[in-house]
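Let me begin by presenting the structure, written as structure tokens, before commenting on it.
In UniProt numbering, the protein residues as written are 1 to 238.
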């Protein structure tokens with residue numbers, strides 16, 4: 001299976017192409033707010049490097065966020081357009097899950113900079129095979145409030161000495177404030193702060209095998225926090 005994977009939830013956009021589980025191309029582009037200008041040219045460049053035409057792609061994988069409202073919206077819209085033009089199946093994957101997939105340890109905590117003095121967080125638990133179970137769905141709030149939500153989600157397993165591993169761009173900005181609540185942190189290398197395109201592709205392929213493709217009409221970005229856009233079902237850390 002050839003998969004084109006795209007995540008535009010952060011300042012560092014990723015486009016990857018995998019073929020039978022092997023990475024053909026993975027490109028990271030620092031774009032900040034310019035995803036709308038750079039995404040399609042980056043996709044075209046990745047396809048050229050892989051010596052493939054878009055018609056050869058069997059699956060489109062897209063990161064749903066949370067992250068940049070505009071970035072996530074552009075990524076999802078672009079993938080929908082490609083799917084409609086070619087009839088290619090699409091699977092959306094939560095960006096926090098992709099970050100967690102690249103971490104180590106049993107408890108994995110993505111901490112994404114949500115700007116406006118807040119972070120997006122989630123908590124996953126990995127079994128011996130690396131399969132992830134969600135312990136805390138994506139939520140947001142000031143770093144101290146989000147850290148308390150993390151502590152509540154993992155408190156019953158801390159006695160087992162399974163120390164959580166944290167990663168994400170939010171730590172560079174708010175790590176001290178998160179640590180003030182959770183205590184000393186074990187953080188992953190900075191290279192793991194961003195979602196890997198190859199892992200996004202793998203998550204999407206597994207989801208496709210388990211439940212089939214997403215319905216394009218109902219596939220939407222995972223905003224988590226209300227923005228200037230009209231967003232259904234937004235949530236907030238209590």
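The beta-carbon is built from N, C-alpha and C at its ideal position, and this holds for glycine as well. This structure is a prediction, so every number in the text was calculated from the model and none was measured.
Residue nearest to residue i in terms of C-alpha spacing, selected from the options
i           : options              : result
residue 78  : 40, 56 and 53        : 40
residue 185 : 224, 198 and 107     : 107
residue 130 : 218, 208, 199 and 28 : 199
residue 210 : 76, 91, 56 and 24    : 91
residue 216 : 80, 27 and 194       : 80
residue 192 : 178, 36 and 112      : 112
Whole-Å CB distance - residue i paired with residue j, under 8 Å assumed
i           : j           : result
residue 110 : residue 168 : 5 Å
residue 119 : residue 170 : 4 Å
residue 101 : residue 132 : 7 Å
Within 9 Å, strictly: CB atoms of residue i and residue j
i           : j           : result
residue 47  : residue 6   : no
residue 96  : residue 143 : no
residue 103 : residue 188 : yes
residue 61  : residue 203 : yes
residue 2   : residue 20  : yes
residue 84  : residue 201 : no
residue 71  : residue 8   : yes
Outcome for residue i when other beta-carbon atoms lying within 10 angstroms are tallied against a minimum of 16
i           : result
residue 87  : exposed
residue 22  : exposed
residue 218 : exposed
residue 73  : buried
residue 127 : exposed
residue 94  : buried
residue 24  : buried
residue 236 : Because residue 236 carries a pLDDT of 37, less than 50, the predicted location of this residue cannot be relied on, and the following value inherits that uncertainty. So residue 236 ends up on the exposed side.
Residue i - partner residues in DSSP beta bridges
i           : result
residue 123 : 136
residue 110 : 167
residue 240 : Outside the shown range of the chain (1 to 238) lies residue 240, about which nothing can therefore be said.
residue 187 : 166
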